[in-house]
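One structure is given below, encoded as structure tokens.
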Amino acid sequence: MKNSKPTITFVTGNKHKINSAKKIFADYPINLVFKNIETPEIQSMDVSEVAKHSAKYAAKKLNVPVIVSDCGYYLEALGGFPGPFARYFQESLSSEDILKLVQGKSRNIIVKECLAYAVPGQEPIIFPSEVGAVIAKKPEGKGLSVDRLLQYKGFDKPQAACDYNKILDFWDKHFTNYRDFAEYLLKKAG
Numbered sequence: 200m201k202n203s204k205p206t207i208t209f210v211t212g213n214k215h216k217i218n219s220a221k222k223i224f225a226d227y228p229i230n231l232v233f234k235n236i237e238t239p240e241i242q243s244m245d246v247s248e249v250a251k252h253s254a255k256y257a258a259k260k261l262n263v264p265v266i267v268s269d270c271g272y273y274l275e276a277l278g279g280f281p282g283p284f285a286r287y288f289q290e291s292l293s294s295e296d297i298l299k300l301v302q303g304k305s306r307n308i309i310v311k312e313c314l315a316y317a318v319p320g321q322e323p324i325i326f327p328s329e330v331g332a333v334i335a336k337k338p339e340g341k342g343l344s345v346d347r348l349l350q351y352k353g354f355d356k357p358q359a360a361c362d363y364n365k366i367l368d369f370w371d372k373h374f375t376n377y378r379d380f381a382e383y384l385l386k387k388a389g
């Protein structure tokens, strides 16, 4: 007899990913467990490859089905950089530094997130999603350098200056990968 409510371990320590996942998965009969473990990240500009590698590692280490998310910022003016190296980029550059890098260039940015699902001993399955945004003309709000500049289409100010719940609602609506995964898992569980 199949378990009517599958349990999935979400490997992350990121509070924003945890809050977003809790909000989205509340709509599904899925038990979500959070585990914060370090996973090796391969050096790739593709968030899908990074997420797959981390998910495969975590599933083997924990010996349970897991999901892992990786997110990247792809700035048009910088040829897609920093991609999945967003954390390093944000720790190394201020908002003002980023504005200097894009001065006189395209302010378009693609935010890509990939959720990878892995079962021990199997190849991961990926659920990618992406949203367009722009780099604002000036930093606003508190937080990381890119968050103070990242302005999603339809917003009049950067993410860091917006109401957090509005941002969660935006992510829920536009980053469909969590819902895509939940639907896949429930269909598979039959």
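FYI, our numbering numbers position 184 of the sequence shown as 383, with every residue one higher than the one before it.
All C-beta atoms in this analysis are idealised placements derived from N, C-alpha and C, irrespective of residue type, glycine included.
Please read all numbers here as calculations on a predicted model, not as lab measurements.
Beta-carbon gap between residue i and residue j smaller than 9 angstroms
| i | j | result |
| --- | --- | --- |
| Cys313 | Ser344 | no |
| Tyr272 | Leu367 | no |
| Ala317 | Lys386 | no |
| Tyr377 | Ser219 | yes |
| Pro283 | Ser243 | yes |
| Ile223 | Asp362 | no |
Inter-residue spacing [alpha-carbon to alpha-carbon] between residue i and residue j
| i | j | result |
| --- | --- | --- |
| Glu290 | Val310 | 18 angstroms |
| Ala225 | Ile207 | 13 angstroms |
| Pro327 | Ala360 | 26 angstroms |
| Met200 | Lys221 | For Met200, the predicted model reports a pLDDT of 43, less than 50, meaning its position is unreliable; a value from the coordinates is still stated below. Whole-angstrom Cα-Cα distance: 27 angstroms. |
| Phe374 | Ala335 | 21 angstroms |
| Leu300 | Glu382 | 40 angstroms |
| Glu248 | Ile241 | 8 angstroms |
| Tyr227 | Asp379 | 11 angstroms |
| Leu384 | Leu292 | 39 angstroms |
| Lys341 | Arg347 | 7 angstroms |
| Arg286 | Leu298 | 17 angstroms |
Of the residues the options, the one placed nearest residue i, counting alpha carbons only
| i | options | result |
| --- | --- | --- |
| Lys259 | Pro239, Glu248, Ser243 and Tyr273 | Pro239 |
| Lys337 | Asp379, Tyr227, Pro357 and Ile217 | Pro357 |
| Ile266 | Val232, Leu298, Gly279 and Ile297 | Val232 |
| Ile308 | Ser294, Pro281, Glu275 and Leu298 | Glu275 |
| Gly187 | Pro264, Ile223 and Phe354 | Shown here, the chain extends from 200 to 389; a query on residue 187 therefore has no answer. |
| Pro264 | Glu339, Asn376, Ile324 and Gly342 | Ile324 |
| Ile145 | Pro228, Ser203, Lys234 and Gly342 | There is no way to answer for residue 145, as the model of the chain reaches only from 200 to 389. |
| Phe209 | Pro281, Val246, Ser294 and Ala250 | Ala250 |
| Ser305 | Arg347, Gly278 and Lys365 | Gly278 |
| Lys204 | Asn230, Gly320 and Tyr287 | Asn230 |
Where residue i falls: helix, strand or coil (DSSP)
| i | result |
| --- | --- |
| Glu339 | coil |
| Ser268 | strand |
| Gln321 | coil |
| Ser294 | helix |
| Met200 | Residue placement at Met200 is flagged as unreliable, the pLDDT there being 43, under the threshold of 50; a coordinate-derived value is accordingly withheld. |
| Ile309 | strand |
| Ser243 | coil |
| Glu329 | strand |
| Ile223 | helix |
| Ile334 | strand |
Range covered by the alpha helix (DSSP H) that runs through residue i
| i | result |
| --- | --- |
| Tyr377 | Asn376 to Ala388 |
| Gln289 | Ala285 to Ser291 |
| Ile366 | Tyr363 to His373 |
| Lys352 | Taken as a continuous stretch (DSSP letters only), Lys352 belongs to no alpha helix (DSSP H), as it is neither H nor E. |
Span of the beta strand (DSSP E), counted from its first residue to its last, around residue i
| i | result |
| --- | --- |
| Asn246 | Note on identity: in this sequence residue 246 is Val, with Asn being the wrong assignment. That residue, Val246, is in no beta strand (DSSP E); its alpha helix (DSSP H) goes Val246 to Leu261. |
| Ile207 | Thr206 to Val210 |
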